[in-house]
């Protein structure tokens, strides 16, 4: 299983990679929506983990583009701005799960399990 993680913060990207790799998952890291779209055009991913607030285009923009393309990839949204409005907007855009930053490894893995409907790496 391959997961695409999109965030403009290197520390978040590296943390996600470390946690997900420890569960036997393959991870690709992108720091922008444009890079993520290019990766999604080239490869198939089982799950998308995306930050909401990023420079230029944000995670909600990425979700909107994917839905217009009828891409049904499961999406976990993460944000340091976890207001009710942000959470509701992400869910309306089709997010399968929402996690607030900073998150623990257990919170990330729980969201992954919820989004894909099984244990990571199985």
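Numbering (the numbering used here), first residue to last: 882 to 1003.
Where is the CB? At the ideal position from N, CA and C, for every residue including glycine.
{"Item": "Which of helix, strand or coil DSSP assigns to residue 1002", "Value": "Low local confidence applies: a pLDDT of 48 at residue 1002 is under 50, so the model's placement there is unreliable, and no value is given."}
{"Item": "Buried or exposed (CB count within 10 angstroms, at least 16 for buried), residue 893", "Value": "buried"}
{"Item": "Three or more C-beta pairs below 8 angstroms linking the region 913–922 and the region 936–947", "Value": "yes"}
{"Item": "Three-state secondary structure (DSSP) of residue 895", "Value": "helix"}
{"Item": "Cβ pair residue 956, residue 996 closer than 9 angstroms", "Value": "yes"}
{"Item": "Status (buried if at least 16 other CB within 10 Å, exposed otherwise) for residue 965", "Value": "exposed"}
{"Item": "Close Cβ partners of residue 929 (< 6 angstroms) along its chain, the five nearest in sequence each way excluded", "Value": "885, 954 and 956"}
{"Item": "Spatial distance of residue 960 from residue 947 (CA atoms)", "Value": "19 angstroms"}
{"Item": "Nearest-angstrom Cβ-Cβ length linking residue 913 and residue 935, presumed shorter than 8 angstroms", "Value": "7 angstroms"}
{"Item": "Among 993, 986 and 985, the one whose alpha carbon lies nearest that of residue 978", "Value": "993"}
{"Item": "Straight-line gap, residue 952 to residue 903 (C-alpha atoms, nearest Å)", "Value": "28 angstroms"}
{"Item": "Unbroken stretches of the alpha helix (DSSP H), 4 residues or longer, contained in the region 919–960", "Value": "940–949"}
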